[in-house]
Amino acid sequence: MSGRFLFVGKRLILAVPLLLGVVLLVFLLLQITPGDPARQIVGLRASEADVAQVRDQLGLDDSVFSQYARYLGGVVQGDLGFSYKSRQPVADMVAARLPVSGWLVISGLVVSLMITIPLGVWAAIQRDRAGDHITRGVSLLGIAMPSFWVGLMLILLVALPTGWFPVGGFGDTFGQRLNAIVLPAVTLGIAMAPIQIRSLRASIIRCLGSDYVAAGRALGASGFLLVRRFVLRNAASSMVTLAAVQTSFLLFTMVVLETTFGLPGLGQGMVMAAVQRDLPAVQGYTLVFALTVVLVYLLADVVNAVLDPRVEIRG
Amino acid sequence: MTTTALRVHDLRVTAASPDGPSYPVDGVSLHVGQGEILGIAGESGSGKSLTLKAILGLLPPGLTATGTLQLASGDGELAPYQSHQVRGAGVGMVFQEPMTALNPTMRAGDLVALAARLHGRLSRRASRHRAVELLRQVGVPDAERRAKAWPHQLSGGLRQRVMIAAALAAQPRVLLCDEPTTALDVTVQHQILRLLRWLADEHGTGMIFVSHDLPVIAQLCDRIAVMYAGRFVETGYTRDVLTHPRHPYTAALLRAAPSVDQRGEQLAGISGQPPDARAFPAGCRFRPRCPLARDDCAHAPYEIQPVAAEHGSACIHHADLEVRTA
């Protein structure tokens, strides 16, 4: 037991240099971008003296090392600098958008798992028979349909005729938010499920062929009980890893979905910041994305450690 | 004469393939009495493991079984059964590799408790008590603590004991043992064999013990069936068969098995390979490897002929063999 906690602890410690590296890369983003940030802030018509003053304020003439130290110090205290455009603290902008994207990703994951687990189990049990072929067809369809199209279709065919779901925007209360996130979550779930289904099918088939499942059968376990007690937990770890990888690739889908459903999330904010050449904001969003990826992988490791008692020897 | 616990008649396992069907198990008949241990001996690929799997309906995909399977019911009457109905409570199974046969994500005690709950309608708490009791019964020391261990934390011998405890949870009439000691150290092997013998004697559990290890079978089993290329070639009481083999294959197996009093003597291997089920030779299937083969062996019909009381051989020249080994 203690071995598994040790494993998780080791992963946590290993995450620290990773995070420092991420902050360094994000910091370098500003350094390697052509153009003078100070000139951007004051505008093209401002005098050289004004530019110099702003450069001095921002500490842009200091050495790269002291700038990095200052940036890192700010990040640790939750200070991500100020937006060139709105002059707001970037941290506040990120904080306002983070919950929206968090809702989207988590509910999307939940929906995808709700699709994946029954279909993946069904496909594996029905291997090379009707259920397997149907699942394969449905998965292909899911991969073939782009998210923005699925989203638009859900708005056109579900939200507009029924009036049950808002066509765009996010709410303030829990109920409103839950209501607003349903269709985006379904869209995201449809985008993520097909690959998960293939993966789950493969690992369940591997488990079904194992000695311990044969032993479980020999003891008299069958049907749902056999799958639940002897298969699912053993098949889960590859799913958890896959979901983590998928989540880290979600940025693009998130931008598309947040635009389609008018959700004020991180993806939308990132695009706006990029279009406006608002570098500190871009930096802030990038940092949050990178941190999320690190945390998601860490979380996947923890979940796997909980699911699989052998992690302590493999770790 | 003990009451018969399990009877198998004319069991045939069919493997379908594009080149036509083959029969890796081809007409096996056997019976096991209460408290009796039947050993099935043979090389790898002779079909002995498939025979066990067919009895419990656990054949891998692509293989199907035909034949009559009968199990003794409560009053001792033999009745045909559907394999999925007898798994656990009627017939249990112990596998070769305790390493892979235990679910890695299930604690030892939970597996045994689950097996008990599947048949006994026990409460969760009662089944947990029963699990510890069973573990203690099969000789797991410190059973209370070991019940909470994960399989990878247990030694091979303990794992096999856990497997046996789980298989016994529903008190099956017959226990099928698929080389349960092959993967274990010799000393541990000995302990497991003693446990199995004790279970047969004290609980009246009938057993089929499959092994390629003749000395182990000699030590454990009441009766033996020697299997070659999907068929039994010699059957009888262990002592009769191993001291007076009446089939050349049994004799060859005996010469190939090391024993303590033959130290220094050269072990005789059996030349050639056991045949593949897709290309069994016509007539006697051992003929291509048999040192005593004659022309008429190629047309020999398959039949186990009585050679002595309760002793049968499929060799048509078994009478000559008696002279040679005597």
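First to last, the protein sequences are chains G and P.
Under the numbering used here, read the first sequence as residues 175 to 489, first letter to last.
Under the numbering used here, read the second sequence as residues 16 to 341, first letter to last.
All residues carry an ideal CB built from backbone N, CA and C; glycine is no exception.
- request: Measuring alpha carbon to alpha carbon, tell me which of G:353, G:265 and G:300 ends up nearest residue 277 (chain G).
  value: Stepping through the first sequence from its first residue, residue 277 (chain G) is reached at position 103. Measuring from the Cα of residue 277 (chain G), the nearest candidate turns out to be G:353.
message: Helix, strand or coil, according to DSSP, for residue 85 (chain P) in the structure here?
response: Residue 85 (chain P) sits at position 70 when you count from the first residue of the second sequence. The DSSP-derived three-state label of residue 85 (chain P) is strand.
- request: Can you tell me which of G:456, G:484 and G:403 puts its alpha carbon nearest to the alpha carbon of residue 126 (chain P)?
  value: Here residue 126 (chain P) refers to the residue found at position 111 of the second sequence. Considering only alpha carbons, the answer is G:403.
- prompt: residue 247 (chain P) lies in the beta strand (DSSP E); which residues open and close that run?
  reply: As a working mapping, residue 247 (chain P) is identified with position 232 in the second sequence. Taken as a continuous stretch (DSSP letters only), the beta strand (DSSP E) holding residue 247 (chain P) covers 246-252.
task: Could you tell me whether the stretch 48-55 of chain P touches the stretch 211-220 of chain P, using the rule of 3 or more Cβ pairs below 8 Å?
output: Yes, the stretch 48-55 of chain P is in contact with the stretch 211-220 of chain P.
- request: Kindly give me the distance between the Cβ atoms of residue 184 (chain P) and residue 131 (chain P), rounded to whole angstroms, as I take these residues to be in contact under 8 Å.
  value: Numbered from 1 along the second sequence, position 169 holds the residue referred to as residue 184 (chain P). Numbered from 1 along the second sequence, position 116 holds the residue referred to as residue 131 (chain P). The Cβ separation is near 4 Å, so the contact holds.
query: On the premise that residue 334 (chain P) lies in contact with residue 262 (chain P), defined as a C-beta separation below 8 Å, what is that separation, rounded to the nearest angstrom?
result: The residue given as residue 262 (chain P) occupies position 247 in the second sequence. The residue given as residue 334 (chain P) occupies position 319 in the second sequence. The C-beta separation of residue 262 (chain P) from residue 334 (chain P) comes to about 12 Å, leaving the pair out of contact by the 8 Å criterion.
message: Taking contact to mean 3 or more Cβ pairs, one atom from each stretch, closer than 8 Å, check whether the stretch 190-205 of chain P and the stretch 137-153 of chain P are in contact.
response: Fewer than three pairs of CB atoms, one per stretch, sit closer than 8 Å, so the stretch 190-205 of chain P makes no contact with the stretch 137-153 of chain P.
- prompt: Identify the residues that DSSP records as bridge partners of residue 323 (chain P): which are they?
  reply: As a first step, residue 323 (chain P) is located in the second sequence; it is residue number 308 there, counting from the start. Under the DSSP definition of a beta bridge, residue 323 (chain P) partners with P:326.
query: Which word fits residue 63 (chain P), buried or exposed, when buried means at least 16 other C-beta atoms lie within 10 angstroms of its C-beta?
result: Reading the second sequence from its first residue, position 48 is the one you call residue 63 (chain P). Residue 63 (chain P) counts as buried, since at least 16 other C-beta atoms from the protein chains shown sit within 10 angstroms of its C-beta.
- prompt: How about residue 80 (chain P) and residue 229 (chain P): do their beta carbons lie closer than 8 Å?
  reply: Taking the second sequence and counting its residues from 1, one reaches residue 80 (chain P) at position 65. Taking the second sequence and counting its residues from 1, one reaches residue 229 (chain P) at position 214. No.
- request: Closer than 9 Å, Cβ to Cβ, to anything on chain G: give me those residues from the stretch 112-129 of chain P, in chain order.
  value: Taking 9 Å as the Cβ-Cβ cut-off against chain G, the residues of the stretch 112-129 of chain P that qualify are 112, 114, 115, 116, 117, 118, 119, 120, 121, 122, 125, 126 and 129.
query: Span of the alpha helix (DSSP H) holding residue 96 (chain P)?
result: Position 81 of the second sequence, counting from 1, holds the residue named residue 96 (chain P). Counting along the chain, no alpha helix (DSSP H) covers residue 96 (chain P), and no H or E run does either.
task: Would you please state the rounded distance, in angstroms, between the beta carbons of residue 464 (chain G) and residue 196 (chain G)? I believe it to be under 8 Å.
output: Position 290 of the first sequence, counted from the start, is the residue given in the question as residue 464 (chain G). Position 22 of the first sequence, counted from the start, is the residue given in the question as residue 196 (chain G). That belief holds up - the Cβ atoms of residue 464 (chain G) and residue 196 (chain G) are roughly 4 Å apart, short of 8 Å.
message: Is residue 471 (chain G) a contact residue of the ligand GDP, with contact defined as CB to any heavy atom under 7 Å?
response: The ligand GDP is not among the ligands present in this structure, which contains no ligands whatsoever.
- request: On a CA-only basis, which of P:303, P:319 and P:244 is nearest residue 291 (chain P)? Give me that one, please.
  value: Within the second sequence, residue 291 (chain P) is the residue found at index 276, counting from 1. Looking at the Cα atoms, P:244 is the closest of the given residues.
task: Check the Cβ of residue 73 (chain P) against every Cβ in chain G and list those closer than 8 Å, keeping chain order.
output: Here residue 73 (chain P) refers to the residue found at position 58 when the second sequence is read from its first residue. The answer, in chain order, is 388, 391 and 392.
task: Could you tell me which of G:290, G:439 and G:361 sits nearest to residue 369 (chain G), measuring between CA atoms?
output: Locating residue 369 (chain G) in the first sequence gives position 195, counting from the first residue. In terms of CA proximity to residue 369 (chain G), G:290 leads the group G:290, G:439 and G:361.
Nearest to residue 259 (chain G) (by Cα), restricted to the options G:211, G:249, G:252 and G:296: As a first step, residue 259 (chain G) must be located in the first sequence, where it is residue number 85. Out of G:211, G:249, G:252 and G:296, G:211 has the C-alpha closest to the C-alpha of residue 259 (chain G).
field: Of the listed residues P:307, P:295 and P:166, nearest to residue 61 (chain P) (C-alpha basis)
entry: Here the question's residue 61 (chain P) lines up with position 46 in the second sequence. The residue among P:307, P:295 and P:166 with its C-alpha nearest the C-alpha of residue 61 (chain P) is P:295.
task: From the DSSP output, in three-state form, read off residue 199 (chain P) for me.
output: Locating residue 199 (chain P) in the second sequence gives position 184, counting from the first residue. DSSP places residue 199 (chain P) in coil when its eight states are reduced to three.
field: Beta-carbon contacts of residue 377 (chain G) that lie in its chain and below 6 Å, excluding the five residues immediately before and after
entry: Start at 1 with the first residue of the first sequence, and residue 377 (chain G) comes out as number 203. A distance below 6 Å between beta-carbons, with the five flanking residues on each side excluded, links residue 377 (chain G) to the following residues of its chain, in chain order: 409 and 412.
query: Would the beta-carbon of residue 99 (chain P) fall within 8 Å of that of residue 313 (chain G)?
result: The residue labelled residue 99 (chain P) in the question sits at position 84 within the second sequence. The residue labelled residue 313 (chain G) in the question sits at position 139 within the first sequence. Cβ distance not < 8 Å, so residue 99 (chain P) and residue 313 (chain G) don't count as in contact.
Paired residues, beta bridge with residue 243 (chain P) - DSSP: Residue numbering aside, residue 243 (chain P) sits at position 228 when the second sequence is read from its first letter. DSSP output for residue 243 (chain P) lists P:246 as bridge partner(s).
Rounded Cβ spacing between residue 431 (chain G) and residue 362 (chain G) (contact assumed at less than 8 Å): Start at 1 with the first residue of the first sequence, and residue 431 (chain G) comes out as number 257. Start at 1 with the first residue of the first sequence, and residue 362 (chain G) comes out as number 188. Contact annotation, residue 431 (chain G) with residue 362 (chain G): C-beta distance approximately 6 Å; criterion of less than 8 Å satisfied.
query: Do you know offhand how far residue 317 (chain P)'s Cα is from residue 310 (chain P)'s?
result: Your numbering for residue 317 (chain P) matches position 302 in the second sequence. Your numbering for residue 310 (chain P) matches position 295 in the second sequence. Near 16 Å, if we compare the C-alpha coordinates of residue 310 (chain P) and residue 317 (chain P).
task: Following the continuous alpha helix (DSSP H) through residue 475 (chain G), name the residue where it begins and the one where it ends.
output: As a working note, residue 475 (chain G) is residue 301 in the first sequence. Per DSSP, residue 475 (chain G) belongs to the alpha helix (DSSP H) from 453-481.
query: How long is the line joining the alpha carbons of residue 223 (chain G) and residue 209 (chain G), rounded to whole angstroms?
result: Position 49 of the first sequence holds residue 223 (chain G). Position 35 of the first sequence holds residue 209 (chain G). So the two alpha carbons sit approximately 17 Å from each other.
query: Rounded to the nearest angstrom, how far is the Cβ of residue 93 (chain P) from that of residue 22 (chain P), given a contact under 8 Å?
result: Residue numbering aside, residue 93 (chain P) sits at position 78 when the second sequence is read from its first letter. Residue numbering aside, residue 22 (chain P) sits at position 7 when the second sequence is read from its first letter. That belief holds up - the Cβ atoms of residue 93 (chain P) and residue 22 (chain P) are roughly 6 Å apart, short of 8 Å.
query: In three-state DSSP terms, what is residue 233 (chain G)?
result: Here the question's residue 233 (chain G) lines up with position 59 in the first sequence. DSSP places residue 233 (chain G) outside both helix and strand once states are collapsed to three, so it counts as coil.
- request: Give a yes or no on whether the minimum CB-CB distance between residue 103 (chain P) and chain G is below 8 Å.
  value: By 1-based counting over the second sequence, the position of residue 103 (chain P) is 88. With respect to chain G, the C-beta atom of residue 103 (chain P) has a partner C-beta closer than 8 Å.
- prompt: In terms of residue numbering, what span does the beta strand (DSSP E) encompassing residue 9 (chain P) cover?
  reply: An answer regarding residue 9 (chain P) cannot be provided, because it is not within the stretch 16 to 341 covered by chain P.
query: So what's residue 184 (chain G) in DSSP terms, helix, strand or just coil?
result: Here residue 184 (chain G) refers to the residue found at position 10 when the first sequence is read from its first residue. Of the three classes helix, strand and coil, the one that applies to residue 184 (chain G) here is helix, per DSSP.
- prompt: Is it buried or exposed for residue 230 (chain G), if we count other Cβ within 10 angstroms and need 16 for buried?
  reply: Locating residue 230 (chain G) in the first sequence gives position 56, counting from the first residue. The residue is exposed, with fewer than 16 neighbouring Cβ atoms inside 10 Å.
field: Distance, residue 297 (chain G) Cα to residue 389 (chain G) Cα
entry: Stepping through the first sequence from its first residue, residue 389 (chain G) is reached at position 215. Stepping through the first sequence from its first residue, residue 297 (chain G) is reached at position 123. If you take the alpha carbons of residue 389 (chain G) and residue 297 (chain G), they lie about 22 Å apart.
- prompt: Would residue 396 (chain G) count as contacting chain P if we go by Cβ distances under 8 Å?
  reply: The sequence position of residue 396 (chain G) within the first sequence is 222, counting from 1. Yes - at least one Cβ of chain P is within 8 Å of the one on residue 396 (chain G).
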